[in-house]
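Numbering (our numbering), first residue to last: 18 to 299.
Idealized CB from N, CA, C, for every residue including glycine.
Data first, discussion second: the structure below is written as structure tokens.
So this is what it looks like as structure tokens:
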């Protein structure tokens, strides 16, 4: 039996990543009974998906990474795609290197995955050069995501914005509605459909049915993150009924490790730990 500790850095209002990601890896355990996963999270404050709140949330990365390092995870996933993509093309490389630097300063050398980088790697693994996508974001943020993906060499043929800015409201979106939403985007020239370019918008239950209906690979930020996590752990990226990316037919070598960036924030003062009670008082 092999135990794998999966660390997640998530927005404070995220509800979906801590349900969909464990659900997929629990399903993977059914295929590979000798592999077992546990889940450990650190949170960064964010309530509304706006550029300003995303920037403030990103400023908490070093603190959240250091806290997560205390759990000694085997892999760390930064789980907010738009927070990274809103900072400009290629920012996932800096974000992953920043987290790696904090972990290294805490004596931990493990792979770091970002949902932004994972989506790009998932598209690369599928050989997708043209995509359509559905997002919960307001239209300006959807445009930023599209520009980010296109900077990586993947054309965004069409995109649908559901225009929900409250992050808890995003988590309450019904994944069954995606069975209709995907038909509102033009997939005629697409190699793949990104059904949820957001780890907060629930989509797992719709991935396989929509893939079967659309006749092309369907993935989400969450399924791509699981693909990268399993790949980085050296495990077979196979999860039942989670789309072609996690069918076991698609493989990719682990990503090159980024050069860790040294932490920039001053370390917080060590908390005062009171002396133990005298034996007579216990």
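If we ignore side chains and look at the alpha-carbon of each, how far apart do residue i and residue j end up?
i, j, result
"residue 130", "residue 58", "14 Å"
"residue 108", "residue 226", "33 Å"
"residue 266", "residue 256", "11 Å"
"residue 181", "residue 154", "6 Å"
"residue 93", "residue 176", "29 Å"
"residue 207", "residue 268", "21 Å"
"residue 128", "residue 237", "21 Å"
"residue 209", "residue 245", "18 Å"
"residue 124", "residue 81", "15 Å"
"residue 126", "residue 97", "22 Å"
"residue 51", "residue 18", "4 Å"
"residue 189", "residue 30", "12 Å"
"residue 158", "residue 112", "19 Å"
"residue 152", "residue 273", "29 Å"
"residue 22", "residue 241", "18 Å"
"residue 74", "residue 258", "33 Å"
"residue 290", "residue 281", "Because residue 290 sits at a pLDDT of 40, beneath the cut-off of 50, its placement in the model cannot be relied upon, and the point is left open."
"residue 45", "residue 62", "31 Å"
From the DSSP secondary-structure annotation, give me the bridge partner or partners of residue i.
i, result
"residue 52", "19"
"residue 210", "149, 235"
"residue 26", "59, 95"
"residue 176", "150"
"residue 171", "Beta-bridge pairing links residue 171 to no other residue."
"residue 130", "94"
"residue 229", "Note: residue 229 sits in no beta bridge, so no partner."
"residue 264", "255"
"residue 65", "183"
Once you ignore the five residues that flank residue i on each side, which residues in its own chain have a CB closer than 8 Å to its CB?
i, result
"residue 35", "25, 27, 56, 58"
"residue 279", "118, 122"
"residue 106", "164, 165, 168, 169"
Between the beta-carbon of residue i and the beta-carbon of residue j, is there less than 8 Å?
i, j, result
"residue 276", "residue 133", "no"
"residue 221", "residue 40", "yes"
"residue 253", "residue 262", "no"
"residue 223", "residue 196", "yes"
"residue 184", "residue 66", "yes"
"residue 102", "residue 161", "yes"
"residue 233", "residue 204", "yes"
Buried or exposed for residue i, please, with buried defined as at least 16 other CB atoms from any protein chain shown within 10 angstroms of its CB.
i, result
"residue 20", "exposed"
"residue 71", "buried"
"residue 49", "exposed"
"residue 142", "buried"
"residue 78", "buried"
"residue 271", "exposed"
"residue 69", "exposed"
Only counting the same chain, and skipping five residues up and downstream in sequence, which positions put a Cβ closer than 6 Å to that of residue i?
i, result
"residue 137", "169"
"residue 147", "172, 174, 206, 207, 208"
"residue 37", "221, 239"
"residue 150", "176, 211, 214"
"residue 32", "188"
"residue 2", "Given a span of 18 to 299 for the chain in the structure shown, any question on residue 2 remains unanswerable."
"residue 54", "21, 23, 42"
Please return the same chain residues whose Cβ sits closer than 7 Å to the Cβ of residue i, not counting the five positions on each side in sequence.
i, result
"residue 85", "24, 26, 57, 59, 93"
"residue 293", "Because residue 293 sits at a pLDDT of 42, beneath the cut-off of 50, its placement in the model cannot be relied upon, and the point is left open."
"residue 243", "38, 41, 42, 256, 263"
"residue 88", "22, 24, 57"
"residue 83", "119, 123"
"residue 201", "177"
Taking 7 Å as the cut-off, does the CB of residue i come closer than this to any heavy atom belonging to the ligand HEM?
i, result
"residue 232", "Looking at this structure, you won't find the ligand HEM or any other ligand, since it has none at all."
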